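First comes the structure, then the notes that go with it.
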Amino acid sequence: MTLVRILFLTILLLLTSCQSFDQVNDLDEDGKPKKQNIDYGLSPPELTTSYEKGVRYLDNQDYQKAAKQFEYLITKYPTSPLTMALYYNAAAAYEGLKNCKRAGKNFRKIVRATNEENKKIQTMALVRLSYAYECLAADKKVVTSLLDAKNRKEYLQNYVVLTELPARLAGAYGRLGNQKVADKFFQEADQGLYQVRDPAQTAPQQRDALAQSLFYMGRYWYNGFRIKRHENILKTFEKSQMYLVRAMELDSPKWSAIAAKNLIEVYQFLWVYLNKAFDNGEARGEKVTREQANSLAIYALQGLRTLKRLKLPDRNPPTLIRKVYSRIDKFDKDYSDFLTKNNLGTKLTDLQKNKSLKREGRTVNPDPRLEKIMREMKKQKNLKVKPSN
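Read in order, the letters of the sequence shown correspond to residues 3 to 391 in the numbering used here.
Shown next, in the form of structure tokens:
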């Protein structure tokens, strides 16, 4: 069952007997409720039929049609008990389209709703709103949203509270330059990974659950990249990318590929940004000096060297890992060549005297408990059952 369908069933339970946040029980002069044409059920049938149609669009990642479908239902049924669900899924569609402003607008409508009976979906919307803020480079608002969600932890799944929230708070504080607080939340996130394991699950289920947590902990919404803060952004990603690497190495059918995609996309985005900035003096509406472009290349190269050091020893790595590290090697060569050719008055050999470039990445100290979990998972995966005679 997909996340969207689970959300649909959850919202039905939450909202079927409740008013939407736009509805008010007005009384007439005699103190009796005014007659209103408000339907608290799920009729007319078109609403549920059209809703599920929108859900199918989301399942199929046809975000343009999904957004159009849910916006239509919001307009046609503004007082439906599914209003919050309509706003949520419209926002999810805009998120898929990378239209962060529209996604954030819809999530904010849910968060600011006055209906006290729907705190669960409001808290879920707070977490998703933080994604939109990260995409819009509004990290102070990311922190505010995540801290608010953390204070409502009873409405969130355990893995979100223990792993995703602290890891993403660490990322936001790091990008803001508050490394001390960032390190505190990174430690909390690493501890959460150890706590979130469910011994009742099978080994494949544990791998998938851990890979899912690691992906959400490490994912970076690179649309929020800004050259003025590139040092803080890339220093922080150098650490949080560890979660994406570990998610990949778990070889989860779904989450490993998604983690790999985000990791490669970040360095590809930076590479395109770097070349455009160096050639034109600007990128994505930002003015970029040659010195900033070279600094960006250096920090990106440091991150790539760290990735190599983070790789767990494996004589027979999964195909995905081999492909990803092949791309990483290519990026390493591209960024190195860029610095050799374009660095102002500085040769790459001089840059390599810097300890962070001389060795395979800067010092990153992953929690030993996470490394132990990874070893256990890989051991379980490699166990083979001998055929009976």
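Glycine residues also receive a C-beta, built at the ideal position from the N, C-alpha and C atoms. Quick caveat, the model's predicted, so the values are computed rather than measured.
(request) Buried or exposed for K111, please, with buried defined as at least 16 other CB atoms from any protein chain shown within 10 angstroms of its CB. (result) buried
(message) Below 8 Å on the Cβ atoms is my contact criterion, and I expect L303 with S338 to pass it. Report the Cβ-Cβ distance as a whole number of Å.
(response) That pair is a contact at about 7 Å.
(request) Between the Cα of A94 and those of N62, T81, D210, spot the shortest distance and give me the residue it belongs to. (result) N62
(request) Starting from the Cα of V198, find the closest Cα among L322, N344, K103, L216 and give me that residue. (result) L216
(request) Determine, using beta carbons only, whether K142 and L88 come nearer to each other than 8 Å. (result) L88 is positioned such that its CB atom lies no closer than 8 Å to that of K142.
(request) Please name the residue, chosen from Q124, Y301, N318, that lies closest to L341 on a Cα-to-Cα basis. (result) Y301
(request) Identify the continuous alpha helix (DSSP H) that holds F72 and give its terminal residues. (result) 65-78
(message) Considering only the alpha carbon of each residue, which of M126, Q203, A262, K155 lies closest to M86?
(response) The shortest C-alpha to C-alpha distance from M86 to any of M126, Q203, A262, K155 is the one to M126.
(request) Output the distance between the C-alpha atoms of T258 and F227, rounded to the nearest integer angstrom. (result) The amino acid at residue 258 is misidentified as Thr; the sequence shows Ser. For S258 and F227, the distance between alpha carbons rounds to 24 Å.
(message) Taking DSSP's pairing of strands, which residues face A285 in a bridge?
(response) E288
(request) Leaving aside the five residues before and after D24 along the sequence, list all residues of the same chain whose C-beta is less than 7 Å from its C-beta, in chain order. (result) Because D24 carries a pLDDT of 33, less than 50, the predicted location of this residue cannot be relied on, and the following value inherits that uncertainty. Here the set comprises P80, T81, T85.
(request) Compute the beta-carbon to beta-carbon distance between N225 and C137, rounded to the nearest angstrom, for a pair I have assumed lies under 8 Å. (result) The pair is a contact, with the Cβ atoms about 5 Å apart (cut-off 8 Å).
(request) Using beta-carbon positions only, say whether L60 and N101 come within less than 8 Å of one another. (result) no
(message) Check for me: the alpha helix (DSSP H) holding V132 runs from which residue to which?
(response) The question names Val, yet the displayed sequence has Ser at residue 132. Per DSSP, S132 belongs to the alpha helix (DSSP H) from 121-137.
(request) Go ahead and label K34 buried or exposed: buried means 16 or more other beta carbons lie within 10 angstroms of its beta carbon, across all protein chains shown. (result) For K34, the predicted model reports a pLDDT of 42, less than 50, meaning its position is unreliable; a value from the coordinates is still stated below. The residue is exposed, with fewer than 16 neighbouring Cβ atoms inside 10 Å.
(message) Which residue wins for smallest C-alpha separation from F280, given the options R286, F271, L272, T291?
(response) The option with the nearest alpha carbon to F280 is T291.
(request) Assign S223 to one of three DSSP states: helix, strand, or coil. (result) According to the sequence provided, residue 223 is Trp. The question's Ser does not apply to it. It is coil, neither helix nor strand.
(request) Classify D30 as helix, strand or coil using the three-state DSSP reduction. (result) Because D30 carries a pLDDT of 45, less than 50, the predicted location of this residue cannot be relied on, and no value is offered for it.
(request) State the Cα-Cα distance for the pair E97 and T204, rounded to the nearest angstrom. (result) Answer to the nearest angstrom: the Cα atoms are 33 Å apart.
(request) Note down the Cα distance separating L158 from E251, rounded to an integer number of angstroms. (result) 27 Å
(request) Assign D316 to buried or exposed, taking buried as 16 or more other Cβ atoms, counted over all protein chains shown, within 10 Å of its Cβ. (result) exposed
(message) For G194, report the span of its alpha helix (DSSP H) as first-last.
(response) 181-197
(request) Spatial neighbours of E240 within its chain, please: CB distance less than 6 Å, with the 5 preceding and 5 following residues excluded, ordered by chain position. (result) Result list for E240: G305, T308, in chain order.
(request) Would you kindly report the start and end of the unbroken alpha helix (DSSP H) that includes T85? (result) 85-98
(message) Considering Cα atoms alone, identify which of L49, I323, L131 is closest to F109.
(response) When C-alpha distances from F109 are compared across L49, I323, L131, the shortest belongs to L131.
(request) Classify T165 as buried or exposed, calling it buried when 16 or more other Cβ atoms lie within 10 Å of its own Cβ. (result) buried
(request) To the nearest angstrom, report how far apart D185 and A172 are at their CA atoms. (result) 7 Å
(request) Answer with buried or exposed for V274, where buried requires no fewer than 16 other C-beta atoms within 10 angstroms of its C-beta. (result) exposed
(request) Indicate whether A261 and L246 have their beta-carbon atoms separated by less than 8 Å. (result) Result yes, Cβ atoms of A261 and L246 sit closer than 8 Å.
(request) Work out the CA separation of P206 and P168 for me, nearest whole Å. (result) Taking the straight line from one Cα to the other gives about 25 Å.
(request) Give every residue of the same chain whose Cβ lies closer than 8 Å to the Cβ of N153, excluding the five residues on either side of it in the sequence, and list them in chain order. (result) Closer than 8 Å at Cβ, skipping near neighbours: no residue.
(request) Please report how far the alpha carbon of V129 lies from the alpha carbon of I76, in whole angstroms. (result) Near 22 Å, if we compare the C-alpha coordinates of I76 and V129.
(request) Specify, as a first and last residue, the run of the alpha helix (DSSP H) that T51 falls within. (result) 47-61
(request) Quick one: residues in its chain with C-beta nearer than 6 Å to the C-beta of R58, no 5 flanking neighbours on either side, listed in chain order? (result) none
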